[in-house]
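Chemist: Residue numbers (numbering that gives the first Met the number 0), protein chains in the order written: chain A, 0 to 143; chain B, 0 to 143. Here a beta-carbon is modelled for each residue, glycine too, at the ideal position from N, C-alpha and C.
Protein chains: 2
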Amino acid sequence: MRDSDAFDLREFTPYLLNLAAEQSSLDFQPFYKNRYGMLRTEWRVLFHLGRYGPQTARDVCARARLHKTKVSRAVAALGAKRFLDRKENPEDRRQETLSLTRQGQSAFRELTQAARSFDEALMAQFTAEEGQVLRKCLERLAKL
Amino acid sequence: MRDSDAFDLREFTPYLLNLAAEQSSLDFQPFYKNRYGMLRTEWRVLFHLGRYGPQTARDVCARARLHKTKVSRAVAALGAKRFLDRKENPEDRRQETLSLTRQGQSAFRELTQAARSFDEALMAQFTAEEGQVLRKCLERLAKL
DNA sequence: GTATATTGGTCACATTTGTAACTAACAACA
DNA sequence: TGTTGTTAGTTACAAATGTGACCAATATAC
């Protein structure tokens with residue numbers, strides 16, 4: 000196993016991915032946390048509601064690739080902060096249709112714009128080709 | 000804010016990074032979890048001890064970029080499972096020198112080999128150039 | 001119709017993590 | 001020597017997550 004001496008964690012893609020993911024998430028966090036008191040999951044749920052319109056928690060789960068308990072908690076928190084409204088569906092009383100309040104829409108617009116700028120700044124350190132390769136690789140790795 | 004309608008979370012690099020990181024970590028997890036009952040942090044600490052030899056928890060913190068409480072817990076867990084030994088440093092009795100037991104070294108060798116193979120398989124889906132670009136971008140994003 | 005299975009969503013519990021306070025040992029300096 | 005500050009590491013508590021049990025509503029099978 001002579002070779003194993005030469006192997007460094009920094010050559011291990013999952014490790015690198017985690018470092019990069021943690022770092023970038025940490026840098027973006029202030030936008031939704033400081034200003035709106037949201038957690039990451041809440042921001043994701045808010046985003047999906049803003050981006051794809053009113054839908055049930057089940058739909059959010061599928062689209063955001065989040066477990067239903069995580070979505071349930073995020074929805075409760077967003078509701079408590081008046082970022083979304085819940086309306087029971089009369090045709091199937093198990094489910095509720097979630098929709099953003101005016102305040103929720105406003106937060107969505109600002110956070111989306113912030114995300115866009117953030118991403119542009121992040122990608123600006125790479126060439127267009129590098130950016131495309133990066134994106135393509137990440138999508139493949141994420142099994143999207 | 001017409002443009003914000005077109006923005007999708009999948010175009011947001013931190014989001015993509017997180018999906019890719021979670022997916023790849025999940026896929027590798029069985030190697031250290033099922034076989035050795037380790038957590039991710041424990042595997043990282045074990046790796047640094049195996050790769051860079053006996054050292055104090057403080058050194059591991061610096062090299063592995065982990066907070067000292069996280070390392071402290073991982074060291075306690077690895078010690079309980081007999082993967083490492085702790086020896087008080089007589090020159091400075093605050094610190095302990097950590098070193099892998101025979102069992103720890105064996106686990107290190109196997110996990111390192113597994114990581115290497117895993118990484119090769121992961122990168123095999125890309126061309127050599129793509130791999131280099133990906134690695135370079137990730138290192139930059141991780142601020143290494 | 002009644003029994004059974006499935007689904008949307010919540011709750012309760014255990015695990016993991018983050019944060020800050022803490023202890024013990026050492027260092028610096030009067 | 002005594003006082004103050006720093007450092008290595010642990011502990012205690014809060015916050016967040018994962019997992020499975022759970023409840024009510026609907027669908028399916030008989």
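Count the other CB atoms, across all protein chains shown, that sit within 10 Å of the CB of Pro89/A; report buried if there are 16 or more and exposed otherwise.
Modeler: With fewer than 16 Cβ atoms within 10 Å of its Cβ, Pro89/A is classed as exposed.
Chemist: Are the beta-carbon atoms of Gly103/A and Phe125/A separated by less than 8 Å?
Modeler: Taking 8 Å as the Cβ cut-off, Gly103/A and Phe125/A do not qualify as a contacting pair.
Chemist: Under DSSP, the alpha helix (DSSP H) around Glu129/B begins and ends at which residues?
Modeler: Counting along the chain, the alpha helix (DSSP H) containing Glu129/B begins and ends at Ala127 to Leu140.
Chemist: Just to confirm before moving on: does the CB-CB distance between Val70/A and Ala56/A stay below 8 Å?
Modeler: Going by C-beta atoms, Val70/A is nearer than 8 Å to Ala56/A.
Chemist: Could you give the distance in angstroms between the alpha-carbon of Ala76/B and the alpha-carbon of Ser24/B?
Modeler: Looking at the two C-alpha atoms, the distance is approximately 20 Å.
Chemist: Give the interface partners of Cys60/B over in chain A, defined as CB-CB distance under 8 Å, in chain order.
Modeler: The premise fails here: Cys60/B is roughly 14 Å from chain A at the closest Cβ pair, so nothing lies under 8 Å.
Chemist: Taking 8 Å as the cut-off, decide whether the C-beta atoms of Leu15/B and Leu65/A are in contact.
Modeler: Result no, Cβ atoms of Leu15/B and Leu65/A do not sit closer than 8 Å.
Chemist: Give me, in chain order, the residues of the same chain whose beta-carbon lies closer than 8 Å to that of Arg101/B; leave out the 5 immediate sequence neighbours on both sides.
Modeler: Cβ within range, chain order: n/a, list empty.
Chemist: From this set, Ala120/A, Ala61/A and Arg85/A, which residue's C-alpha is nearest Phe27/A's C-alpha?
Modeler: It is Ala120/A whose Cα lies nearest to the Cα of Phe27/A.
Chemist: Quick one: Cα of Leu140/A to Cα of Asp91/B, how far?
Modeler: Rounded to whole angstroms, Leu140/A to Asp91/B spans 46 Å at the Cα level.
Chemist: Using a Cβ-Cβ cut-off of less than 7 Å, give me the residues of the segment 16–32 of chain B that come near chain A, in sequence order.
Modeler: Listed by position, the residues of the segment 16–32 of chain B near chain A (Cβ gap below 7 Å) are Leu16, Asn17, Leu18, Ala19, Ala20, Gln22, Ser23, Ser24 and Phe27.
Chemist: For a cutoff of 8 Å on Cβ pairs, would you count Met0/B as touching chain A?
Modeler: Residue confidence for Met0/B is low, a pLDDT of 47 falling below 50, so the modelled location carries little weight; the figure read from the coordinates is stated next. Cβ-Cβ to chain A under 8 Å: yes for Met0/B.
Chemist: Taking the alpha helix (DSSP H) that Glu109/B falls in, what are its first and last residues?
Modeler: Here the alpha helix (DSSP H) through Glu109/B covers Arg101 to Met122.
Chemist: Taking the alpha carbon of Met37/B as the reference point, which residue from Ala106/B, Leu143/B and Asp118/B has its own alpha carbon closest?
Modeler: Closest option to Met37/B, Cα to Cα, is Ala106/B.
Chemist: Going by DSSP, name the residue or residues bridged to Leu97/A.
Modeler: In the DSSP output, where bridge partners are listed per residue, Leu97/A has Gln54/A and Arg85/A.
Chemist: For Cys146/B, collect the residues of the same chain with a Cβ closer than 6 Å to its Cβ; drop the 5 residues on either side in sequence, then sort them by chain order.
Modeler: One cannot answer for residue 146/B here, as it falls past the ends of chain B, which runs 0 to 143.
Chemist: Taking only the alpha-carbon atoms, compute the straight-line gap between Lys32/B and Glu128/A and give it to the nearest angstrom.
Modeler: Those two C-alpha atoms are separated by around 38 Å.
Chemist: For Glu41/B, which of Asp84/B, Ala73/B, Arg115/B and Arg108/B has the nearest alpha-carbon?
Modeler: Considering only alpha carbons, the answer is Ala73/B.
Chemist: May I ask you to report which of helix, strand or coil DSSP gives Ala19/A?
Modeler: Three-state result, Ala19/A: helix.
Chemist: Between which two residues does the alpha helix (DSSP H) holding Lys69/A run?
Modeler: Lys67 to Ala79 is the span of the alpha helix (DSSP H), which, as asked, contains Lys69/A.
Chemist: Please report whether the beta-carbon of Lys142/A lies at a distance below 8 Å from any beta-carbon of chain B.
Modeler: Answer yes: the Cβ-Cβ gap between Lys142/A and chain B drops below 8 Å somewhere.
Chemist: Look up Asp91/B in the DSSP assignment and say whether it is helix, strand or coil.
Modeler: Here Asp91/B sits in coil by DSSP.
Chemist: Should Leu110/A and Phe30/A be called a contact, given that it needs their Cβ atoms to be closer than 8 Å?
Modeler: Contact: yes.
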